[in-house]
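Structure representation (structure tokens):
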């Protein structure tokens, strides 16, 4: 093993120091590229810390937020594998923004993907330094020492030293530039299922979520926000509110995100939450409802239909789709519609802010602490270094907790009252004042040649831009590239292909929702693929398989063969074409966030249109699997989330406001409605990728395709209704 005194930032940044009798290792995570890709210097930034103390305590500071996806288990598991310690020996600490931890945002299913190689490198480097320290003490060759279960052992000898006994000597050694990594066949922990390390804390109630946090002298705030998008406060009467025992202050407040005003409101600050909430409910407000007073879902749909007639901007084009479609005798055109959707995490939105002259502390259930840090610094006119963001466990996120608006609101209130304050949203607040998955409208055209082979695939999406309303620079040449997620990388080999986007913004603020635009685009793509297969007189599975044959020359970075394999395996595992008596199947597949998923939905349908979800079979390829139990949980969660959005309620707009308010009219799937879920994970040698989102996009399409198999009625509009299934309403 080569040893080098200078530290290579190109591979990873790792520093050691003898501090407090402990071995400290700092390592780096890649910013954008896969860990397998050789990166330039700018592709790495410092991201986490390891500490091994003299009492054998191993600490890993985790810089990613855990909202149930298990990063507080998966990341230490990766480290423990190379460090040669049992997972139970690794203590987890949540990093705050004071630590130089690089990118801390948790989204896009990237936590494991971006951490895998650097964590292994850091663990291997520490292991090799400890081996060298032991060899030096024993005055023997390094080859005679091995690391095992937290000890360095002298081969063929009974001598052994714990890591804690060696940290002082290891800390002053030169850092290995490229410590050898274990081969997959030698893994003891990676790939073995285990429960989450903090499961007991969660179920026993000792785990701390944002809503549980407290500070001495803390106040509570509840905010009445504008009922209509863009409404303004003309005046308000707070006399009744101030009469409530415990109410301290009442004042106007703005909720902002990315520098954009989201809503005006009135904050009621009190000694306890109930007083704050009760005082808020007694406010008398005269609102200027503005231009959106009459806005409704029908108006937005009308806008989408009009914008669909625009030319749009091509994200990808192959051949001449328009000419080939016009000249074809065997062709179809279909319209798909997807509604706004709420994130609705079970833990309501909340944040605890403490704004002081000497600095700001923000505490809460947050997915993007550094973004929050930057936004609050801008809102308060201070330096980022004056803001420290502390992340707790998250009671669900799904993209909603990426947004900085709740933290901004809390910080402004804390500054106003010169005291710590916890802002707690009600479920109604969350449902009616969120940042929603964009509604969208899709026009798809497809054609076959004279021999019945696929000739044309054209997809135009009309939707609001999630990024454009906050960052105008995100729109390039009239197109927000994120709108084309799950579309511009369409894996099917069509000789004529046209993938187009039209931005159609509305007053409804939109945000990133689990799998983002993949959920809309995959629904339209995969239902339409079924339609093309039927037009060709072919089995939908075989039709897809043929179009996935061979590499896709337009997408050389896209592993088409991996998606094909998931499709083949789901057909075998899900017994495609041979459903149980009285049941019907639909199939769909999709790739996003560098992972691959294929699903078969099995249902039964009554004449009335009522249907029963019996089983979902899902095959996934997410590269090397760290914790199979965690992957299965994520797949199951994504399927439940996707089904809830597909078959339950939607966010609708009437008179400029969201109609839904709580789980009675924005429902989710209940236990007795849940299908059985079978998950098969492909054993892969590829680098690990994420599974928080990839299993969601195929869900609605597989369901729609199963409904067609059962009834002959094609569902192209979500959510699915009994009337649409029975054919008594427009689908």
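Residue numbers (the numbering used here): 20 to 750.
Virtual Cβ for every residue (Gly too), placed ideally from N, Cα, C.
{"query": "Of the listed residues 248, 198, 521 and 84, nearest to residue 309 (C-alpha basis)", "result": "248"}
{"query": "Start and end residues, alpha helix (DSSP H) containing residue 644", "result": "No alpha helix (DSSP H) contains residue 644, which DSSP labels as neither H nor E."}
{"query": "N- and C-terminal bounds of the beta strand (DSSP E) containing residue 267", "result": "266-276"}
{"query": "Pairwise C-alpha distance: residue 707 and residue 616", "result": "14 Å"}
{"query": "Beta-carbon spacing of residue 78, residue 91 below 9 Å", "result": "no"}
{"query": "Cβ separation of residue 327 and residue 503, assumed to be a contact under 8 Å, to the nearest whole Å", "result": "Contact flag wrong, Cβ pair sits at about 16 Å."}
{"query": "Rounded separation between residue 745 and residue 722 - CA only", "result": "15 Å"}
{"query": "Closest residue to residue 254 among 276, 262 and 285 (Cα-Cα distance)", "result": "285"}
{"query": "8 Å Cβ shell around residue 21 - same chain, five flanking residues per side excluded", "result": "A caution first: residue 21 carries a pLDDT of 44, below 50, which makes its placement in the model unreliable, though a value can still be read off. Closer than 8 Å at the Cβ level, and outside the excluded window around residue 21, lie 195, 196 and 197."}
{"query": "Straight-line Cα distance separating residue 694 from residue 593", "result": "14 Å"}
{"query": "Cβ neighbours of residue 647 in the same chain (closer than 8 Å, five flanking residues each side left out)", "result": "210, 211, 212 and 700"}
{"query": "Local conformation of residue 252 per DSSP, three classes", "result": "strand"}
{"query": "Three-state class that DSSP yields for residue 182 in the structure shown", "result": "helix"}
{"query": "Span of the beta strand (DSSP E) around residue 509", "result": "Neither: residue 509 is in no beta strand (DSSP E) and is coded neither H nor E."}
{"query": "Buried versus exposed call for residue 303 [16 or more other C-beta atoms within 10 Å across all chains shown]", "result": "exposed"}
{"query": "With 16 other Cβ atoms within 10 Å as the buried cut-off, status of residue 609", "result": "buried"}
{"query": "Segments of 3+ residues assigned as beta strand (DSSP E) that fall wholly inside the region 661-741", "result": "695-700"}
{"query": "Pair within 9 Å by beta-carbon distance, residue 128 and residue 709", "result": "yes"}
{"query": "For residue 81, the nearest candidate out of 74, 98 and 437 (CA to CA)", "result": "98"}
{"query": "Start-to-end residues for the beta strand (DSSP E) that takes in residue 171", "result": "170-173"}
{"query": "In chain order, each alpha helix (DSSP H) run of at least 4 residues that lies wholly inside the region 357-421", "result": "388-399"}
{"query": "As assigned by DSSP and simplified to three states, the class of residue 601", "result": "coil"}
{"query": "Start-to-end residues for the alpha helix (DSSP H) that takes in residue 562", "result": "559-566"}
{"query": "Opposing strand residues paired with residue 167 [DSSP bridges]", "result": "170"}
{"query": "Close-in-space but distant-in-sequence residues of the same chain around residue 148 (CB under 6 Å, 5 per side omitted)", "result": "189 and 192"}
{"query": "CB of residue 313 within 9 Å of CB of residue 466, strictly", "result": "no"}
{"query": "Candidates 150, 170 and 88: closest to residue 161 by CA position", "result": "150"}
{"query": "Selected residue, minimal CA-CA separation from residue 366, among 185, 446 and 390", "result": "446"}
{"query": "Span of the alpha helix (DSSP H) around residue 550", "result": "537-555"}
{"query": "Nearest candidate by alpha-carbon position, reference residue 589, set 607, 270, 603 and 298", "result": "607"}
{"query": "Three-state secondary structure (DSSP) of residue 612", "result": "coil"}
{"query": "For residue 157, three-class secondary structure by DSSP", "result": "helix"}
{"query": "Per DSSP, cross-strand counterpart(s) of residue 440", "result": "238 and 372"}
{"query": "Cβ neighbour criterion (16 or more within 10 Å) applied to residue 282", "result": "buried"}
{"query": "Inter-residue spacing [alpha-carbon to alpha-carbon] between residue 374 and residue 438", "result": "7 Å"}
{"query": "Beta-carbon proximity list for residue 300, same chain, < 6 Å, skipping 5 on both sides", "result": "none"}
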